[in-house]
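Novice: Have a look at this one.
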Amino acid sequence: MFKFFVFACAFSLASAGVSKKNVVLEPQQQSTHNIEEYDQGGSYGGEYDGHDIGTEGGSNGAELTSLAHSSALQAKNAVQNQQTAGSQAAFGVSSSFASAAYGAAQTAQAALVGKQAIVQTLKRHLGEAQRQLQGEIYQYQQTEAASQSAHQAAQQAQAQLSTLTSALAAVQGGAQHAQQAAAEAANAAAAQQSMVVEAKQRVARILGQLHHALEGLQETEASAFKAAEAAQQAQTNAASAGAAVAAAGFKGGYSEVSAGGYHH
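If you use mature numbering (1 follows the signal peptide of the UniProt record, and there is no 0), the sequence shown corresponds to residues -16 to -1, 1 to 248, in order.
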């Protein structure tokens, strides 16, 4: 029924010689389509199964920012089209412009929610990476201390080897064991150090992603705010147009009644 009413208003507008007509339904359908795509895709549900965001998360963030920008432009264009529709467009066309602006505002709001979910996920991953880094540093310190102790034990064994000739075999066995333990501890320390470096790189990578996401969030928030303002303006204009139509109808009816009474 609503589509038929809009079509009838557009047809009347075309008959009156107004060039701008039927500019609402396509942006509204576009906005609704974008919302469905993001709801089905789950791009901003906030769950990533513990994996890094990587290039996929950055792409989703860029798409959300672009979606918010385009939605704000659609809402702004709907308001401008509403303002230039003319008095002959009346309440139906103005309402369709308001509907298009409202749909664009909803799309921008959905993009904002998705961007916020990405930022929250990155913050959670950053916290996990930082905790892992602290754990790896602690393990590295422990293995480093063990390596130093083993090295000192090896030096003591070597000193005993040179001074205690009577226990040469036993001391040599102890020295070999201490050297083996020292080598194993050194290997463990090296491996742990590599893990610490990897953890630091992961923290730096997530920090970069978080910084990029925060920038996109600011842009998305601004676009969503502009879209909401445009939708509010469109609704206000639609209400004003409806009031004007009602007032015109009341005035016309009153004139007909007055004319009929005078004829009688």
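Glycine included, each C-beta is placed from N, C-alpha and C at the ideal position.
Give the DSSP-derived three-state secondary structure of Leu148 in the structure shown.
Specialist: For Leu148, the secondary structure class from DSSP, reduced to helix, strand or coil, is coil.
Novice: Take Ala211 as the anchor and find which of Ser80, Glu199, Gln90 has the nearest alpha-carbon.
Specialist: Gln90
Novice: Using three-state DSSP, classify Glu40 as helix, strand or coil.
Specialist: For Glu40, the predicted model reports a pLDDT of 47, less than 50, meaning its position is unreliable and no value from the coordinates is stated.
Novice: Could you tell me if Thr147 is buried or exposed, where buried requires 16 or more neighbouring beta carbons within 10 angstroms of its beta carbon?
Specialist: By the 16-neighbour rule on beta-carbons within 10 angstroms, Thr147 is exposed.
Novice: How close, in whole Å, do the beta carbons of Ala166 and His135 come, if the pair is a contact with beta carbons under 8 angstroms?
Specialist: In this structure Ala166 touches His135 by the C-beta definition: roughly 5 angstroms separates them, less than 8 angstroms.
Novice: Output the distance between the C-alpha atoms of Glu168 and His161, rounded to the nearest integer angstrom.
Specialist: 11 angstroms
Novice: Using 8 angstroms as the cut-off, can you tell me whether the segment 221 to 230 makes contact with the segment 117 to 134, which would need three or more C-beta pairs spanning the two stretches below that distance?
Specialist: no
Novice: Which one of His109, Ala232, Ala218 has the shortest CA to CA distance from Asn61?
Specialist: Ala218
Novice: Looking at Val103 and residue 288, is the spacing between their C-beta atoms short of 8 angstroms?
Specialist: As shown, the chain starts at -16 and ends at 248. That puts residue 288 outside it, with no answer to give.
Novice: Going by the beta-carbon positions, is the gap between Leu106 and Gln193 smaller than 8 angstroms?
Specialist: yes
Novice: Could you tell me the alpha carbon to alpha carbon distance between Asn171 and Gln132, rounded to whole angstroms?
Specialist: Cα to Cα, the separation comes out at about 13 angstroms.
Novice: Among Val180, Glu205, Gln216, whose alpha-carbon lies nearest the alpha-carbon of Leu117?
Specialist: Val180
Novice: Ser178: buried (16+ other C-beta within 10 angstroms of its C-beta) or exposed?
Specialist: exposed
Novice: Find out if the Cβ-Cβ distance for the pair Gln142, Ala153 is shorter than 8 angstroms.
Specialist: Judged by their CB atoms, Gln142 and Ala153 are not nearer to each other than the 8 angstroms cut-off.
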